[in-house]
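Chemist: What follows is a single structure, and I will ask about it in a moment.
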Amino acid sequence: MPPPKITLYLDIVSPFAYIAYYVTRHSSVFAKCEMTYVPVFLGGILKACNNPSPINIKNKGTWTNIERKRWAKHLNVPMYPTSPDGFPILTLSVQRALCAIPEAKLPSCFDALYKAFWVEGNSKINNPETYLPVLESAVGKEIAEDALAKSSTQAMKDRLIANSDKAVESGSFGLPWFECTNGRGETECFWGVDHMGQVAAFLDLDTTSDKGFKAMM
Numbered sequence: 077m078p079p080p081k082i083t084l085y086l087d088i089v090s091p092f093a094y095i096a097y098y099v100t101r102h103s104s105v106f107a108k109c110e111m112t113y114v115p116v117f118l119g120g121i122l123k124a125c126n127n128p129s130p131i132n133i134k135n136k137g138t139w140t141n142i143e144r145k146r147w148a149k150h151l152n153v154p155m156y157p158t159s160p161d162g163f164p165i166l167t168l169s170v171q172r173a174l175c176a177i178p179e180a181k182l183p184s185c186f187d188a189l190y191k192a193f194w195v196e197g198n199s200k201i202n203n204p205e206t207y208l209p210v211l212e213s214a215v216g217k218e219i220a221e222d223a224l225a226k227s228s229t230q231a232m233k234d235r236l237i238a239n240s241d242k243a244v245e246s247g248s249f250g251l252p253w254f255e256c257t258n259g260r261g262e263t264e265c266f267w268g269v270d271h272m273g274q275v276a277a278f279l280d281l282d283t284t285s286d287k288g289f290k291a292m293m
C-alpha cells in the first residue's frame, strides 16, 4: 500500500497554517506521510471566496488570537505570546520568493520564516531586506538571492496566483488547507488545525503517540 500523501497550502501570515505546518514537520503522527508544501497568498484566497479576513469580523479577531495560543499549547508548537506588530502583514513578496525556491528546499525555508515571524515576532519578515538573510540561513546565499531576484518577475507572480487558484479549486476558503490521499487512493480535503484529527483518521495514521491530538477528540 502506498504511503499517505498530504499537500498543505501555506502563507507565512497565518498562525494556524504555521501550527499545522509545525505539527506535520515534528509530530510522529505524520512521520510516514509524503508531504508537499505549497506557498499561496491567503489574501487572494479570501478574495476569491468573498470571505472577509477574520480580523475584520467583530469579535473574531480577538477569538482567533485566543485560539492561536490554545492550539499552540495543546500541540506543543512554539508561539510568540502576542500577535507580531502590524499583524496581519502583506506577504506577497515573501510568498513569491518562496515560489522560486526548489521544492526540496521549501521545508527549510518555511521552518526559518515561520520561526522568525511566529516564534520571534519579527514583523518585518515580509520585507526583502529582512527575509533575505532568513532564507540565506536556510538554503544558502545563492538560492536565497536567486529567489529574491525572481520574486518580482511575472513568472513568480503567476505561480503564486496559480497555486492559490488551485487551492480554491480544490475547495479552500482559508488556511491551513490539506489535500490528502490515503493508501487506498482516496482523496479528500480538510480545513483548519482543529480538523487535523480528521486528517489523521482519513489517512489511517496512529495518533496515540501525540497527546496533543486528544484535544481534537
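Each residue of the sequence shown is one higher than the one before, starting from 77 at the first, in this note's numbering.
A virtual CB, placed ideally from N, CA and C, is assigned to each residue, including glycine.
Please return the same chain residues whose Cβ sits closer than 8 Å to the Cβ of V105, not counting the five positions on each side in sequence.
Modeler: Start at 1 with the first residue of the sequence shown, and residue 105 comes out as number 29. Counting only Cβ-Cβ distances below 8 Å, and skipping sequence neighbours, we find V99, A276, L281, D282, T283, S285, D286 and F289.
Chemist: Going by other Cβ atoms of all chains shown within 10 Å of its Cβ, with 16 needed for buried, is P128 buried or exposed?
Modeler: The sequence position of residue 128 within the sequence shown is 52, counting from 1. Label assigned to P128: exposed.
Chemist: From the DSSP secondary-structure annotation, give me the bridge partner or partners of M111.
Modeler: Residue mapping note: residue 111 aligns to position 35 of the sequence shown, counting from 1. Answer by DSSP bridge pairing, in chain order: I82.
Chemist: What is the C-beta distance between L211 and A220, in whole angstroms, given that I count them as a contact (C-beta under 8 Å)?
Modeler: The residue labelled residue 211 in the question sits at position 135 within the sequence shown. The residue labelled residue 220 in the question sits at position 144 within the sequence shown. That belief holds up - the Cβ atoms of L211 and A220 are roughly 4 Å apart, short of 8 Å.
Chemist: Would you report the Cα separation of K191 and Y94, rounded to the nearest angstrom?
Modeler: Translated into the one-based positions of the sequence shown, residue 191 becomes position 115. Translated into the one-based positions of the sequence shown, residue 94 becomes position 18. Looking at the two C-alpha atoms, the distance is approximately 9 Å.
Chemist: Tell whether a beta-carbon distance below 8 Å holds between C256 and I82.
Modeler: Taking the first residue of the sequence shown as position 1, residue 256 is located at position 180. Taking the first residue of the sequence shown as position 1, residue 82 is located at position 6. Yes, Cβ-Cβ distance for C256 and I82 is below 8 Å.
Chemist: CA-CA distance, E218 and K134?
Modeler: Here the question's residue 218 lines up with position 142 in the sequence shown. Here the question's residue 134 lines up with position 58 in the sequence shown. Distance between the alpha carbons of E218 and K134: 45 Å.
Chemist: Using 8 Å as the cut-off, can you tell me whether the segment 108-124 makes contact with the segment 200-210, which would need three or more C-beta pairs spanning the two stretches below that distance?
Modeler: Contact fails: fewer than three Cβ-Cβ distances are below 8 Å.
Chemist: Please report how far the alpha carbon of A107 lies from the alpha carbon of W253, in whole angstroms.
Modeler: Indexing the sequence shown from 1 puts residue 107 at position 31. Indexing the sequence shown from 1 puts residue 253 at position 177. Roughly 19 Å separates the two Cα atoms.
Chemist: Alpha carbons only, please: which of S213, L279 and D161 is nearest the one belonging to S199?
Modeler: To locate residue 199, count along the sequence shown from 1; it is residue 123. The shortest C-alpha separation from S199 is found at D161.
Chemist: Give every residue of the same chain whose Cβ lies closer than 6 Å to the Cβ of H150, excluding the five residues on either side of it in the sequence, and list them in chain order.
Modeler: Locating residue 150 in the sequence shown gives position 74, counting from the first residue. Closer than 6 Å at Cβ, skipping near neighbours: G288 and A291.
Chemist: Would you mind giving the Cβ-Cβ distance between G259 and M111, rounded to the nearest angstrom? I have them listed as a contact below 8 Å.
Modeler: Indexing the sequence shown from 1 puts residue 259 at position 183. Indexing the sequence shown from 1 puts residue 111 at position 35. The pair is not a contact, with the Cβ atoms about 15 Å apart (cut-off 8 Å).
Chemist: Below 8 Å on the Cβ atoms is my guess for L174 versus P115; work out the distance and round it to an integer in Å.
Modeler: If you number the sequence shown from 1, residue 174 lands on position 98. If you number the sequence shown from 1, residue 115 lands on position 39. Confirmed, about 4 Å.
Chemist: Taking the beta strand (DSSP E) that E262 belongs to, which residues open and close that run?
Modeler: Residue 262 sits at position 186 when you count from the first residue of the sequence shown. Neither: E262 is in no beta strand (DSSP E) and is coded neither H nor E.
Chemist: Closest to P79 by CA distance: which of K242, N152 and G261 is it?
Modeler: Counting from one through the sequence shown, the residue named residue 79 turns up at place 3. Selected option, being the one with the closest Cα: G261.
Chemist: For Y97 versus A243, is the C-beta distance shorter than 8 Å?
Modeler: Counted from its first residue, the sequence shown places residue 97 at position 21. Counted from its first residue, the sequence shown places residue 243 at position 167. Cβ atoms of Y97 and A243: not closer than 8 Å.
Chemist: Taking the CB atoms as reference points, tell me whether V170 and I88 lie closer together than 8 Å.
Modeler: Within the sequence shown, residue 170 is the residue found at index 94, counting from 1. Within the sequence shown, residue 88 is the residue found at index 12, counting from 1. Their beta carbons are under 8 Å apart, which means V170 touches I88 by this criterion.
Chemist: If you check the beta carbons only, do I165 and N132 fall under 8 Å apart?
Modeler: In the sequence shown, the residue the question calls residue 165 occupies position 89. In the sequence shown, the residue the question calls residue 132 occupies position 56. Contact flag unset, no.
Chemist: For C256, report the span of its beta strand (DSSP E) as first-last.
Modeler: Within the sequence shown, residue 256 is the residue found at index 180, counting from 1. Here the beta strand (DSSP E) through C256 covers W253 to T257.
Chemist: Report the three-state DSSP secondary structure of P160 (helix, strand or coil).
Modeler: Taking the sequence shown and counting its residues from 1, one reaches residue 160 at position 84. Three-state result, P160: coil.
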